[in-house]
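Q: Before we start, here is the structure in question, set down as structure tokens.
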Amino acid sequence: AQRVTQPEKLLSVFKGAPVELKCNYSYSGSPELFWYVQYSRQRLQLLLRHISRESIKGFTADLNKGETSFHLKKPFAQEEDSAMYYCALRGGSSNTGKLIFGQGTTLQVKP
Amino acid sequence: GAGVSQSPSNKVTEKGKDVELRCDPISGHTALYWYRQSLGQGLEFLIYFQGNSAPDKSGLPSDRFSAERTGGSVSTLTIQRTQQEDSAVYLCASSRGMGGNTIYFGEGSWLTVV
Chain B
4 AQRVTQPEKL
14 LSVFKGAPVE
24 LKCNYSYSGS
34 PELFWYVQYS
44 RQRLQLLLRH
54 ISRESIKGFT
64 ADLNKGETSF
74 HLKKPFAQEE
84 DSAMYYCALR
94 GGSSNTGKLI
104 FGQGTTLQVK
114 P
Chain R
1085 GAGVSQSPSN
1095 KVTEKGKDVE
1105 LRCDPISGHT
1115 ALYWYRQSLG
1125 QGLEFLIYFQ
1135 GNSAPDKSGL
1145 PSDRFSAERT
1155 GGSVSTLTIQ
1165 RTQQEDSAVY
1175 LCASSRGMGG
1185 NTIYFGEGSW
1195 LTVV
């Protein structure tokens, strides 16, 4: 079964501090992993996906198949990064398109 | 339209009543999804439509929930005999198809059952 676990409901850091939002997944095949972000009063939007290996707004995430993790990292947090972050998985081999989300982590960046 | 459109944006209903939530996907998007967002529960998958294929209904929590997609475009999520635990934000999303296509979300319909 597909499952995504985000162990932290809330992560609070000071501006300029490093950030790591944890995501672990359970899937037997080759998954596609994503991070979505929802800023206050805005709709949920894609932040980045593992296949692109890109950095968006200073955030990066590396897929670690050995640890079944896809943690989101940023070396220096900014106040505007405060938002709800969701890790998501789509089964690559089955290619059903169904996206399964974790429970989300609220990132609070304090001045 | 420019994005996924959902209506109503807010709905307050009495326990036991039926409600319908509507979703207009982005033009040309063949895939459409419904999710439920509850406090402390994250984003819960409900149902997924892809083209003319049979929908994936595996996430619907009970037989009180159903969804249709007419003409491969607009979708309606219906909740019959609403209960207080149905209170949540119902999110619709669409994408061009399967695989690595980006999924775009609507702003959601906030349902409150009193």
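Just so you know, the protein sequences line up as chains B and R, in that order. End of the first sequence = 114 in the working numbering, gap-free, step of one. End of the second sequence = 1198 in the working numbering, gap-free, step of one. Cβ coordinates follow ideal geometry from the N, Cα and C atoms, glycine included.
What does the alpha-carbon distance come out to for the pair R:S1089 and R:A1151?
A: Whole-angstrom Cα-Cα distance: 16 Å.
Q: Kindly say whether R:R1187, judged by its beta-carbon, lies nearer than 9 Å to any beta-carbon of chain B.
A: According to the sequence displayed, residue 1187 of chain R carries Ile and not Arg. Closer than 9 Å to some Cβ of chain B, the Cβ of R:I1187 qualifies, so yes.
Q: What's the gap between the Cα of R:F1133 and the Cα of B:S85?
A: Taking the straight line from one Cα to the other gives about 33 Å.
Q: Indicate whether the contact test is met: 3 or more Cβ pairs, each with one atom in the stretch 1127-1147 of chain R and one in the stretch 1190-1197 of chain R, closer than 8 Å.
A: Not touching, per the Cβ criterion.
Q: Answer yes if the stretch 70-84 of chain B comes into contact with the stretch 48-61 of chain B, meaning at least three C-beta pairs across the two stretches below 8 Å, and no otherwise.
A: Counting Cβ pairs under 8 Å, three or more are found: they touch.
Q: Closer than 9 Å, Cβ to Cβ, to anything on chain B: give me those residues from the stretch 1120-1131 of chain R, in chain order.
A: Going along the stretch 1120-1131 of chain R in chain order, one finds Q1121, G1124, Q1125, G1126, L1127, E1128, F1129 with a Cβ nearer than 9 Å to chain B.
Q: Going straight from the alpha carbon of R:P1109 to that of B:V112, what length do you get?
A: Cα to Cα, the separation comes out at about 34 Å.
Q: Counting contacts by CB-CB distance shorter than 9 Å, is B:L47 in contact with chain R?
A: Answer yes: the Cβ-Cβ gap between B:L47 and chain R drops below 9 Å somewhere.
Q: Taking the straight line between their C-alpha atoms, what separation do you get for B:I103 and B:K18?
A: When rounded, the distance between both Cα atoms is 31 Å.
Q: Between which two residues does the beta strand (DSSP E) carrying B:P34 extend?
A: Unbroken beta strand (DSSP E) run through B:P34: 34-41.
Q: Using the beta-carbon count (16 or more within 10 Å), is R:V1096 buried or exposed?
A: Counting Cβ neighbours within 10 Å, R:V1096 comes out exposed, since fewer than 16 surround it.
Q: Thinking C-alpha only, which one of R:G1192, R:H1113, R:R1120, R:G1100 is nearest R:R1180?
A: That would be R:H1113, whose Cα lies nearest to the Cα of R:R1180.
Q: Could you tell me the distance, in whole angstroms, from the CA atom of B:V16 to the CA atom of B:L110?
A: Answer to the nearest angstrom: the Cα atoms are 8 Å apart.
Q: Pop quiz: B:E70 and B:R52 are said to be a contact at Cβ under 8 Å. What is the actual Cβ separation, rounded to whole angstroms?
A: In fact, because the Cβ distance is near 19 Å, the residues do not count as touching under 8 Å.
Q: Under a Cβ-count criterion, where at least 16 other Cβ atoms within 10 Å of its own Cβ denotes burial, should B:S96 be classed as buried or exposed?
A: Residue confidence is low: B:S96 scores 49 on pLDDT, short of 50, so the model does not pin down where it sits. No coordinate-derived value is stated.
Q: Any beta carbon from chain B within less than 9 Å of R:L1105's own beta carbon?
A: No, its Cβ sits nowhere closer than 9 Å to a Cβ of chain B.
Q: Compute the Euclidean distance between the alpha carbons of R:S1093 and B:G94, then round it to the nearest angstrom.
A: The straight-line gap from Cα to Cα measures roughly 31 Å.
Q: Return no unless some Cβ of chain R is closer than 9 Å to the Cβ of B:A91.
A: Closer than 9 Å: yes.
Q: Output needed for B:F73: all residues of its chain with C-beta closer than 7 Å, excluding positions within five of it in sequence on either side, in chain order.
A: Taken in chain order, the residues that qualify are C26, Y28, L36, H53, A64, L66, C90.
Q: Examine chain B for any beta-carbon lying closer than 9 Å to the beta-carbon of R:A1177, and answer yes or no.
A: Answer yes: the Cβ-Cβ gap between R:A1177 and chain B drops below 9 Å somewhere.
Q: Using beta carbons (cut-off 9 Å, strictly below), is B:K113 in contact with chain R?
A: No - not a single Cβ of chain R is within 9 Å of the one on B:K113.
Q: For B:L24 versus B:Y88, is the C-beta spacing smaller than 9 Å?
A: Cβ atoms of B:L24 and B:Y88: closer than 9 Å.
Q: Go to B:K76, then tell me how far its beta strand (DSSP E) extends in each direction, as first and last residue.
A: Its beta strand (DSSP E) spans residues 75-77.
Q: Going straight from the alpha carbon of B:R56 to that of B:K68, what length do you get?
A: If you take the alpha carbons of B:R56 and B:K68, they lie about 15 Å apart.
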